[in-house]
Amino acid sequence: MASPLRFFDLRLSLSVFGWLFFAISLWALETDKPDSTKIHPIQEVTVTEKYLNSEVRSTAPLQILSAKNIEQLNVLQVSDAVKYFSGVTVKDYGGIGGLKTVSVRSLGGNHTAVNYDGITLTDCQTGQIDLGRFSLENVDLLSLSSGQSDNIFQPARLFASASVLNIKTLTPKFAGQKNINGKISLKSGSFGLLNPALLLEGKINKKFSATFGAELLSADGKYPYTLQNGSIVSTEIRQNTDVQNLRLEGTLYANFSENETGYLKGYFYQSERGLPGPTILYNAESSSKQRIWDNTFFTQAHYEKAFSRKWIFQTNAKFNSGYLHYLDPTYQNSEGKLENSYLQTEYYGSATVLFRAFENLSFSASSDAAISALSADIANFSYPTRYSWLSAMAAKYVTNQVLATASLLSTVVIETTKNNNTINNSPQLSPYISLSIRPFEHEDFRVRVFYKNIFRLPSFNDMYYSQVGNRNLKPEKTNQFNLGLTYSKSIEKWLPLLSVTADIYHNDVIDKIVAYPNKDTFFWTILNYGKVAIDGIDLTAETTFQPWKNIGIIVGTNYSYLRALIVTDPTARDYNNQIPYTPRVSGSEKIGVETPWINVSYSLLWSGKRYAVNQNFAENRLSAYFDHSISVNRDFKMKHYLIHANVEVLNLLDSNYEIVRWFPMPGRSFRATVSLKF
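Taking the numbering used here, I'd label the letters of the sequence shown as residues 28 to 705.
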């Protein structure tokens, strides 16, 4: 059967080749100039200090991973790095190509917005973003805000989620008289991994610069695992875990003046992958034939201008198209078909204005509009279209001792279908307030608190999926409460920074959207049924040592305790039971040692016991696990180039564990990276 994966159309082909021509032209025009770049191994400590100060001073929990931090974590994709944030659960079905979604403080993946260079990524079909599709090759910064960011100068959409994962990509920086920078890298490793990547940065003139990135990823994913059923133990090979990805991204940056900037970005992602089935005894192959093809293309633009010291304006625009083709040769749907295709599109625009009324007080107003639509090759499909209008008003007050923010978000949604059925959700108002106080003038010790009321709309799958959807679903509402303490200290040159944060929180989820099987496993019912009460503690600590002039040590740890209990029906068997796949305790550790000769990094992920279903019986329990990884790397400075070599051992102790039941994670594996910067 011919692959249904659609390749470049004419416009995309012209765009891609245009970027390639631009990059090659800059390369050809670049003259041989002296390289003024120098290696300062401990220079990154200063960058880390700046980021950690942001974490300590925020009114709501903020966790940051810089590019240097990410390099020390032995990770390949954004989904791997996010696992090192406290309070985060990444549902991982194993293998490089497996679906990976993130839940913060047990609120579910639909409550976490993913922000890509200031503009939110969306998936109107499922409501969740697969973080496995985003590489770390061009990422400069990852940050996670629980509740809301202290930045009030942002689009209304970024006020509209319980938490926000920010992905900031690299922006061009040119030293001296250089007009072009570049990086070529190659990763290779166990289970057939091959991952070449190219990143080019070009300075066009004083006002314009551009970047182009291309990356291929291929792996067969055939890793061994232990299959156990009672006294029967066997070693099997994971099947149908192959993946082939292509990512292309180009950005044109404009600095019209000191007060006027903007960018235009194009992004294309293409993937074909197998969906591995559950590892059930004597059934390893029967459910391992599902495949998925997807194409994602979006283009987004940002413009910002400061009219004066008091008034700043920004606007964003985006077009997104996502194509998905799904094949399951083991199951015929109601039309007798083995496969279906879906196409989603979205048009989005936003405008935000910031007014600095006084030195310490500022206000913002933002308004976003979006049109989202989904089509499918399914008989009697509803073809829904959703019109969304979000407006937010926010205020921020800042002194050396106090930081306070408040906002009010209004959401209006109108939904239509092919049959002209119109769903009018009444306007929703979502308040937020936060406060951070520094009680002692000479100590960077702070007390912070926030409250947020927010909701998430049902996805198109929730409402319109064939023989499953429920058009009468209400939004899933949450109330978030957080109380925290933060502290940072600098002790001379040998201890540039010590940072500690502690937060306790309570979340209430109302009208939780749940799905459960009806007459068989292929016919489900989706409705507003559940209530969940969530209580937790997040602890983080990070420090940098500089015991000698050229030796730097970075140590970080986090710990999470989480009770997420079902409190829907006191007479039900699952009442006061932990919700599925939520560990009561979890955490991570990292240690990085930097020397002029070699750098060594160690990282650990660990999780306590979890339950695969609502009923917390022993037979539904998944064992705790520990995942250790270590890497060794070194930079080699040549006349005009910098070569970076890195060797990693992942899952060092070859632990055989599962994050999702019957979906084993890979055991011990190896990965090597070589990159050339110029």
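Glycine included, every Cβ here is placed at the ideal spot set by N, Cα and C.
Return the CA-CA distance between residue i and residue j, expressed in angstroms with no decimal places.
| i | j | result |
| --- | --- | --- |
| N96 | F218 | 26 Å |
| I561 | D596 | 16 Å |
| Y684 | W633 | 11 Å |
| A187 | F482 | 8 Å |
| A433 | Y459 | 5 Å |
| S85 | Q155 | 26 Å |
| P199 | A397 | 30 Å |
| N660 | P251 | 27 Å |
| I581 | T570 | 6 Å |
| D36 | E98 | With a pLDDT of 41 at D36, under the threshold of 50, the modelled position of this residue cannot be trusted; read the value that follows with caution. Distance between the alpha carbons of D36 and E98: 36 Å. |
| P223 | S212 | 6 Å |
| D471 | E82 | 12 Å |
| A333 | V105 | 33 Å |
| V485 | E503 | It is Pro, not Val, that sits at residue 485 in the sequence shown. One C-alpha to the other measures close to 8 Å. |
| W416 | E373 | 13 Å |
| E242 | L273 | 6 Å |
| T326 | D167 | 20 Å |
| A140 | T128 | 11 Å |
| S170 | L163 | 13 Å |
| F653 | S335 | 54 Å |
| A202 | P574 | 30 Å |
| A419 | D177 | 14 Å |
| T609 | I123 | 22 Å |
Thinking C-alpha only, which one of the options is nearest residue i?
| i | options | result |
| --- | --- | --- |
| I146 | V109, L213, K345 | K345 |
| V131 | T278, P88, E98, P485 | P88 |
| L291 | A419, I518, F235, L388 | F235 |
| L566 | L512, S461, A421, D601 | L512 |
| T116 | S656, Y586, S696 | Y586 |
| S702 | G496, Q90, L525, L225 | L225 |
| S284 | V260, L669, Y330 | Y330 |
| L436 | T323, T412, S394, R475 | S394 |
| V102 | F705, T700, K704 | T700 |
| P182 | N165, G376, I211, K214 | G376 |
| L354 | I531, A202, I319 | I319 |
| N208 | H667, A431, G174 | H667 |
| H352 | T379, Q317, R160 | Q317 |
| A406 | I540, Q371, L244, Y492 | Y492 |
| M692 | G114, S628, D119, R184 | D119 |
| A529 | D654, S628, K501, G563 | G563 |
| L221 | F180, A189, D269 | D269 |
| A639 | F382, T342, K664, N604 | N604 |
Look up residue i in the DSSP assignment and say whether it is helix, strand or coil.
| i | result |
| --- | --- |
| H138 | helix |
| V270 | strand |
| N96 | helix |
| N673 | strand |
| V659 | strand |
| R336 | coil |
| D565 | strand |
| N585 | strand |
| S630 | strand |
| A55 | With a pLDDT of only 37 at A55, under 50, the local geometry of the prediction cannot be trusted, and the value read off the model is given with reservation. Here A55 sits in helix by DSSP. |
| F218 | coil |
| G557 | strand |
| R695 | coil |
| S81 | helix |
| F325 | strand |
| Y638 | strand |
Could you round the C-beta distance between residue i and residue j to whole angstroms and report it? I think they count as a contact, below 8 Å.
| i | j | result |
| --- | --- | --- |
| G635 | N626 | No, G635 and N626 are not in contact; Cβ-Cβ is about 31 Å, not under 8 Å. |
| G583 | K617 | 5 Å |
| R265 | G277 | Incorrect: roughly 35 Å between the Cβ atoms, too far for contact. |
| S133 | I606 | 6 Å |
| P303 | G121 | 6 Å |
| L522 | F572 | 6 Å |
| G349 | D150 | 7 Å |
| L631 | S615 | 6 Å |
| D404 | N446 | Contact doesn't hold; Cβ gap of about 18 Å is too wide. |
| K516 | G174 | Between G174 and K516 the Cβ distance is about 25 Å, and since that is not below 8 Å, they are no contact. |
| R698 | D681 | Wrong, their Cβ atoms sit about 15 Å apart, outside the cutoff. |
| Y296 | T323 | 4 Å |
| N577 | T622 | 7 Å |
| L8 | F180 | Given that the chain is displayed from residue 28 to residue 705, the structure contains no residue 8 and the question cannot be resolved. |
- Task: Would you mind listing the beta strand (DSSP E) stretches within the stretch 368 to 450 that are 3+ residues and don't spill past its ends, in chain order?
- Result: As far as the stretch 368 to 450 is concerned, its whole beta strand (DSSP E) runs of at least 3 residues are 388 to 403, 412 to 425, 429 to 443.
- Message: Which runs of the beta strand (DSSP E) at least 3 residues long sit entirely within the stretch 100 to 132? Give them in chain order.
- Response: Entirely contained in the stretch 100 to 132, the beta strand (DSSP E) runs reaching 3 residues are, in chain order, 115 to 119, 127 to 131.
- Task: Can you check the stretch 161 to 191 for any alpha helix (DSSP H) of at least 4 residues that lies completely inside it and give the ranges in chain order?
- Result: none
- Query: If you scan the stretch 221 to 271 from start to end, which runs of the beta strand (DSSP E) of 3 or more residues do you find wholly inside it?
  - Reply: 235 to 246, 251 to 256, 259 to 264
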